[in-house]
Structures are given as structure tokens and as C-alpha cells.
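Residue numbers (this note's numbering): 2 to 73.
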């Protein structure tokens, strides 16, 4: 199992939380006493599989690829 989060929609809250944290960290000014350093999010996430997608998304991707027409 991967130590990274699945990039799929199952982790949308996780990705949004990290995006907000990244923006806040960029805007943070350590010389401004009115601001405080942002805390990294502690949002739970679903681990990716081998190599990237979780089992739910791997199954969905295989099903969608199998439904494609052959190009031969």
C-alpha cells in the first residue's frame, strides 16, 4: 500500500484542506504580529494503492477502460 493519498475524489476534503493551508502559508508574514502561523490540516485521507489509486478508483478505472471501443 502507498504512503500517499489517493488523488481521486475520495480525498477531495483532504486536497481542499491542503490547498487552503498552502495558500495560508504563502500569505503568512512572520513579521506581522497580527497573523499567526497556519497549522497543517489534520484531515483524514484514504491511502493510494499500487502504484497510485485506491481500490475503489482502480476498479472504476478498469471498468471504464474495458468499456472503450477497440481502435483496431
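Note that the Cβ used here is the ideal one computed from N, Cα and C, for glycine as well.
- Pairing residue 6 with residue 48 gives a Cβ-Cβ distance under 8 Å.
- Under the Cβ criterion (8 Å, minimum of three pairs), the segment 9 to 25 counts as touching the segment 33 to 49.
- Between residue 11 and residue 57 a beta carbon distance of about 6 Å is seen, short of the 8 Å cut, so the two are scored as contacting.
- For residue 22, the uninterrupted alpha helix (DSSP H) run begins and ends at 13 to 28, by DSSP.
- Per DSSP, residue 66 is one residue of the alpha helix (DSSP H) stretching across 56 to 67.
- The alpha-carbon of residue 46 is positioned some 14 Å away from that of residue 53.
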